[in-house]
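What follows is a set of notes on a single structure, which appears directly below.
Numbering (my numbering), first residue to last: 16 to 583.
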């Protein structure tokens with residue numbers, strides 16, 4: 016099946032909608048908002064995990080793949096969500112955390128009892144209690160190995176200490192995970208997202224990393240493509256929408272992951288473009304966004320995946336990222352304009368776009384200024400690490416404020432009323448995470464009925480992807496690489512295609528008026544189309560439908576303005 020004209024909406028259940036007033040979003044809450052999502056026009060809902068879990072990492076520490084975490088509801092609630100979404104033409108995609116399980120999982124508990132079968136489900140190594148098998152670092156800080164005294168062994172956890180890595184070299188493990196897919200497929204699930212799936216294949220020999228944190232030994236590992244092909248083939252999901260989260264991956268591997276010829280995944284997430292404000296590549300060191308690097312990465316990945324017949328999942332936000340309007344846009348004077356521009360920049364590219372809950376409303380970062388207000392384990396861990404590195408409390412909390420995953424996890428803002436409409440009126444409980452006070456106007460009730468809202472703009476972007484094959488199927492090339500103020504590219508059909516159409520996209524990345532250059536050759540095409548009436552403004556975030564901004568070799572762009580000019 017072709018997913019090129021589809022749009023996926025990501026939901027973080029804990030923060031989406033609370034149906035029973037306990038302060039935690041749940042499955043019935045999602046079901047209650049399906050008509051809102053149908054109105055947006057999306058095709059799939061990707062939900063982050065709602066399986067049984069101790070919630071050490073907000074559900075990415077799964078204790079039972081076959082059970083629903085009680086705070087989210089019941090299996091009947093999950094079945095109702097799948098059924099009601101299907102009635103509205105929306106498919107449910109589940110998030111499969113197959114690199115690791117919670118240490119509370121039955122498999123790991125049996126391993127701790129010394130059961131050799133289940134010890135082989137994980138990666139245990141003998142060793143002295145004072146000397147980990149390697150110096151690899153956990154993604155959440157500290158060493159990636161944990162010692163179990165009564166076993167006199169260490170187990171690997173690339174993430175939290177309660178998230179033990181599975182041993183994919185063991186065929187029994189792979190069969191267990193296939194059965195999980197088969198179970199949910201039978202329930203009517205229409206697709207799957209695989210968490211950090213390019214980390215599943217570990218090296219044959221574990222050794223110290225004298226150059227980094229260990230990731231070069233297990234990222235895009237030796238058998239990862241073989242394992243993914245086997246999983247997809249044996250569970251019969253090759254025709255379903257599948258996406259892999261790829262950590263620190265390469266273009267060449269993502270082409271293989273997503274090229275239909277290799278029958279692995281429909282598309283991949285890569286994150287290089289979301290590290291352009293990491294000083295020296297360190298998430299916990301701040302710097303201004305490097306827009307030159309952003310443009311280079313978009314060009315490399317968009318044109319590179321195209322050349323290799325791979326397919327991107329294009330996105331700005333998810334449950335692990337700060338809000339994009341806070342990060343690259345303007346929360347103040349140009350909040351609406353910058354949020355719209357950033358949305359168009361992604362949705363008009365080659366790839367399947369993903370919208371994260373609240374992104375379509377222009378929700379902003381939380382700006383919590385006390386560590387006590389944060390719930391994310393990564394944030395609380397790194398706050399202490401930053402203090403230990405010599406940062407002051409003010410410096411440490413400022414970094415957390417900019418980088419915390421809780422920025423994308425604050426409750427969805429349905430109204431400007433009590434608890435932002437996240438909970439039923441009159442609820443006595445408090446939301447599990449505070450409601451930010453930054454942008455109360457960024458709420459669904461107000462935006463759905465406002466034709467000039469960010470929501471309405473996103474709705475339009477979803478619609479035109481379906482209406483214009485040029486957007487969903489066309490090729491892409493970038494231009495004006497030296498001007499860091501503007502992101503500019505063209506969508507076009509191959510020269511052999513009879514549809515002589517193109518789409519010129521210009522995005523002003525700044526809060527200033529600029530003049531963007533129209534590339535040679537395209538300027539003549541544009542002026543001819545303008546004169547002949549065959550050029551139209553397909554997308555503009557200032558409500559402009561005329562071509563007055565288009566001049567000889569130049570286009571004038573207001574702060575954060577986007578123009579998408581359709582030539583035929």
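We put the beta carbon where it would ideally sit given N, CA and C, even for glycine.
The beta carbon of residue 568 sits closer than 7 Å to the beta carbons of 532, 533 and 538 from its chain, once the five residues preceding and following it are set aside; these are given in chain order. Ranked by Cα distance from residue 345, the first of 542, 453, 152 and 172 is 453. In terms of Cβ geometry, residue 478 and residue 56 form a close pair [threshold 7 Å]. The residue from 431, 137, 460 and 417 with its alpha-carbon nearest to that of residue 117 is 137.
When the five nearest sequence neighbours on each side are left out, the beta carbons in the same chain lying within less than 6 Å of the beta carbon of residue 411 are those of 398, 401 and 402, in order along the chain. When the alpha-carbon of residue 187 is set against those of 145, 134, 556 and 164, the nearest one is in 134. Secondary structure of residue 75 (DSSP, three-state): coil. Cβ contact annotation for residue 352 (same chain, cutoff 6 Å, sequence separation greater than five): 556 and 575, in chain order.
Around the beta carbon of residue 416, a 10 Å sphere encloses 16 or more other beta carbons of the protein chains shown; the residue is thus reported as buried. DSSP places residue 153 outside both helix and strand once states are collapsed to three, so it counts as coil.
One Cα belongs to residue 308, the other to residue 582, and the distance between them is close to 29 Å. Straight-line spacing of the CA atoms in residue 184 and residue 224 works out to 22 Å.
Secondary structure note for residue 546: its alpha helix (DSSP H) is the uninterrupted segment 537–547. Annotation: residue 435 to residue 218 spans about 48 Å, alpha carbon to alpha carbon. In the displayed model, residue 47 falls within a helix according to three-state DSSP. By the CB criterion at 7 Å, residue 520 and residue 579 fall inside the cutoff. In the DSSP assignment, residue 550 falls within the beta strand (DSSP E) that extends over 550–555. DSSP places residue 522 within a strand segment (E or B) once states are collapsed to three.
In this chain, the beta strand (DSSP E) harbouring residue 23 covers 23–26. Every alpha helix (DSSP H) stretch that sits fully inside the stretch 247–324 and reaches 4 residues is listed by chain position as 266–273 and 306–322.
In the DSSP assignment, residue 181 is bridged to 137.
Along the stretch 363–418, the alpha helix (DSSP H) occurs as fully enclosed runs of 4 or more residues at 392–403 and 408–418, listed in sequence order.
Nearest to residue 501 by alpha-carbon distance, out of 310, 17, 36 and 558, is 310. DSSP lists 110 and 258 as the bridge partner or partners of residue 208. A residue is called buried when at least 16 other Cβ atoms come within 10 angstroms of its Cβ; residue 451 meets this threshold and is buried. Contact between residue 372 and residue 26 holds, since their C-beta atoms are separated by about 5 Å, short of 8 Å. The three-state reading of DSSP puts residue 198 in helix, counting H, G and I together.
Within its own chain, the residues whose Cβ lies closer than 7 Å to the Cβ of residue 540, once the five positions on either side in sequence are excluded, are 582, listed in chain order. Relative to residue 390, the option among 110, 448 and 526 whose CA is nearest is 448.
By DSSP's assignment, residue 120 forms no beta bridge with any residue.
Under the three-state reduction of DSSP, residue 472 is assigned to helix. Contact check for residue 119 against residue 78 passes: the beta carbons are separated by less than 7 Å.
At a Cβ-Cβ threshold of 7 Å, residue 22 and residue 96 do not count as neighbours. Boundaries of the beta strand (DSSP E) harbouring residue 505: 501–507, taken from the DSSP string. Following the DSSP letters along the chain, one finds residue 232 inside the alpha helix (DSSP H) bounded by residues 230–233. Beta-bridge annotation (DSSP): residue 60 is paired with 24 and 107.
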